[in-house]
Every structure is written in C-alpha cells, then in structure tokens.
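Data block below; observations after.
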Amino acid sequence: MDVVLASVDSAIDFLTGNFDYCKEIRSFLHGYLAFVGVRKAHEATGADLGWFHTFFVCLISAYGGAILTPMWLGRPSSIIATDMTLLISIVAYGIVFLSPLDIGYKLGQFFPVKLILTIGSSLFKTLGMIGFCTIAFDVLKMNPAATEYYPIPIFGPIIWASILGNMGAFFMKGFHGHLKDGMPYPFQTGLFWATFYHFYVHDTEGPIGEYLRHAVDMIPWIPMKMDNRMFAILVVSISNQIVGILQMGEFLGPGFSPFVSAYNLLFPRRPSPAAKKIMKDQQQKKKNQ
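Per this note's numbering, the sequence shown starts with residue 37, numbered consecutively.
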C-alpha cells in the first residue's frame with residue numbers, strides 16, 4: 037500500500053511540475069519533439085532549407101508562443117529574458133539534424149522515446165498555459181478597468197493563455213492559414229482549460245468561481261486533500277496528457293479533439309440539401325446497377 041501511495045504522490049508531483057529541473061526537462065522534451073516534427077515535415081514536402089532557416093523554423097515551431105506572446109503584456113520575450121530557450125534549441129537542433137548516422141532523429145521517432153517526448157511536451161504546454169494565465173491575472177487585477185464588471189478580470193487572462201499555444205502557428209502560417217479550417221485545437225484546449233483554471237483558482241469572490249468549486253466538491257470520488265491551485269493544475273495536466281497521447285500518429289492522430297467529438301455527439305450534423313441530393317443520387321445509381 038505504501039508503494040502505491042508513493043507512486044501516486046510521484047505521479048502527482050510530475051503532473052503538477054513539482055520536481056527538480058522541471059522547467060529545463062519539459063522544455064527540452066518539447067523542443068526535441070518539435071524539431072523532429074519539423075524535419076519530418078520538410079522531408080515529406082521535399083523542402084531543402086539552409087541550416088539557419090531550418091533552425092529558426094524549429095525555434096518558432098517549438099517556442100513561438102513563449103517568444104512572441106509575452107510582448108502583448110509588455111513583458112520581455114523568453115528568447116531575450118532567459119538563455120534557456122536558445123540553449124535548448126541549439127542542443128535539440130544538434131541532436132535532430134547533426135547527430136552521427138541520424139541517431140537523434142531516428143531515436144525521436146522510436147515509439148517509446150516518442151511517447152516520453154509527448155508526455156514531456158504535454159507537461160510543457162500545460163504549465164505554460166497555467167503560468168501565462170496566472171501572470172495575466174496578477175497584472176490585470178491591479179487595473180480598475182479590468183474589474184469594473186466582475187471582481188476579477190475575466191477575458192484577459194483566458195485570452196492571453198489561449199494565444200500562447202497559437203502564436204507560433206500564426207507566425208508561420210499567417211492569420212488566415214491558421215484559422216481557415218476552423219478553430220485549431222490549441223485554441224480549443226486553451227479556451228476551455230484556461231477558463232476552468234482561471235475561475236477555479238483566481239475567482240475567490242465572484243459567483244462563477246464559487247459555483248465551480250461547489251460543483252467539483254459535489255463529486256464524491258474526487259479527493260480534495262490538495263489546495264485549489266494544485267487540484268486545478270492536476271486536472272488540466274491529466275487531460276492534456278491523455279489527449280496528447282491519443283493525438284500521436286500511432287493512435288487517433290493529430291486531428292483528434294475531445295471537444296469536437298463531444299460537440300458532434302451532442303449536436304449531430306444534419307446533411308445539407310445538396311448533400312442529401314448527392315446521397316440520393318448515389319443510392320439511385322446503386323439501384324440501377
């Protein structure tokens with residue numbers, strides 16, 4: 037029993053980022069996975085870019101949110117504020133593009149290693165979103181205009197945290213290129229989980245946060261031995277870990293979204309008149325054959 041409890045505590049510590057060198061480890065695993073993805077995409081399209089071009093494509097693909105989003109609140113970009121982003125990017129680039137016999141690149145596509153990278157990347161995204169939501173709340177709560185209609189600023193922290201996972205894609209694909217196929221998954225998960233975390237943790241005076249915490253307290257099988265912040269981080273982290281693994285190519289693929297699946301289940305799409313006509317014509321052709 038003690039072993040089980042110790043394992044659970046270790047899992048909770050990992051999922052909430054409560055371990056030594058968490059920032060460095062999760063950032064490296066995320067970068068490694070992203071750099072492998074960039075090289076794989078370039079090979080699939082036959083793109084032959086110079087090393088400098090490739091390096092910056094990898095850099096923005098992996099850390100575009102951390103590099104570009106802070107400027108929205110007048111804060112320094114991570115590429116300027118800390119050496120870690122560039123150092124990890126240089127190491128990841130060397131492993132993926134310069135290792136002998138392409139060992140680093142091949143290793144990054146080996147399923148057990150890819151699974152570890154995905155877990156680390158999901159933790160990177162989770163704690164990044166939560167960190168940005170918290171920073172925005174701490175900044176905006178001092179602004180009287182942000183709390184004019186509710187005890188806490190509502191939209192600012194949620195939007196800033198949601199943009200984090202999309203800024204790199206906006207930079208690489210352009211505004212229309214990133215949004216032309218509907219709401220991207222980083223926006224879906226950002227808006228949903230940033231909203232949950234923001235109200236559950238930060239809204240200590242308003243009715244929304246009070247109702248949300250009360251609703252969670254009503255669920256009998258949820259242990260409530262941790263504070264609100266740690267519990268919210270754990271919930272978001274577990275969800276992102278599950279979805280991150282399911283979005284691997286070995287499972288449901290990157291197009292999988294639990295939010296879209298839930299929406300389609302609750303609100304099944306009815307075929308348009310044009311689609312109905314096509315289906316009717318196809319059925320008629322089969323009958324005639």
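The beta carbon of each residue, even a glycine, is placed where N, CA and C say it ideally should be.
| query | result |
| --- | --- |
| Close-in-space but distant-in-sequence residues of the same chain around PHE91 (CB under 6 angstroms, 5 per side omitted) | TYR129 |
| Nearest-angstrom beta carbon gap, THR105 and MET165 [assumed within contact, 8 angstroms] | 11 angstroms between Cβ atoms; not a contact. |
| SER43 burial status per 10 Å Cβ neighbour count (16 or more: buried) | exposed |
| SER121 classed as buried or exposed, judged by whether at least 16 other C-beta atoms fall within 10 angstroms | Here residue 121 is Thr; the residue named in the question, Ser, does not match the sequence. Result: buried. |
| Assigned exposure category for HIS89 - 16 Cβ within 10 Å defines buried | exposed |
| Check whether ALA205 and HIS214 have beta carbons under 8 angstroms apart | yes |
| Limits of the unbroken alpha helix (DSSP H) element including TYR186 | First-last for TYR186: undefined, no H or E at that position. |
| Beta-carbon proximity of PHE64 to ILE124, cut-off 8 angstroms | yes |
| Same chain only: Cβ atoms within 6 angstroms of PHE55, ignoring 5 sequence neighbours per side | ASP49 |
| Alpha-carbon spacing of VAL272 relative to PHE173, whole angstroms | 18 angstroms |
| Beta-carbon gap between LEU95 and LEU153 smaller than 8 angstroms | no |
| Three-way DSSP call (helix, strand, coil) for TRP257 in this model | coil |
| Reduced DSSP category for GLY156 - H, G, I as helix; E, B as strand; rest coil | helix |
| Residue from LYS209, GLY210, LYS216, MET266 whose Cα sits closest to the Cα of HIS234 | MET266 |
| Assigned secondary structure, GLY285 (DSSP; H/G/I helix, E/B strand, else coil) | coil |
| Residue span of the alpha helix (DSSP H) that contains THR105, given as start and end | Element bounds for THR105: n/a, residue is neither H nor E. |
| Residues near LEU248 in its chain [Cβ-Cβ closer than 7 angstroms; skip 5 each side] | PHE235, TYR236 |
| Separation of ARG305 from TYR57, as counted between CA atoms | 47 angstroms |
| Coarse secondary structure for MET178, derived from DSSP in three states | coil |
| Complete alpha helix (DSSP H) runs within the segment 229-274 (minimum length 4 residues, chain order) | 243-253 |
| Endpoints, alpha helix (DSSP H) assigned at LEU137 | Here LEU137 belongs to no alpha helix (DSSP H), and DSSP marks it neither H nor E. |
| Reduced DSSP secondary structure (H/G/I, E/B, other) of ASP84 | coil |
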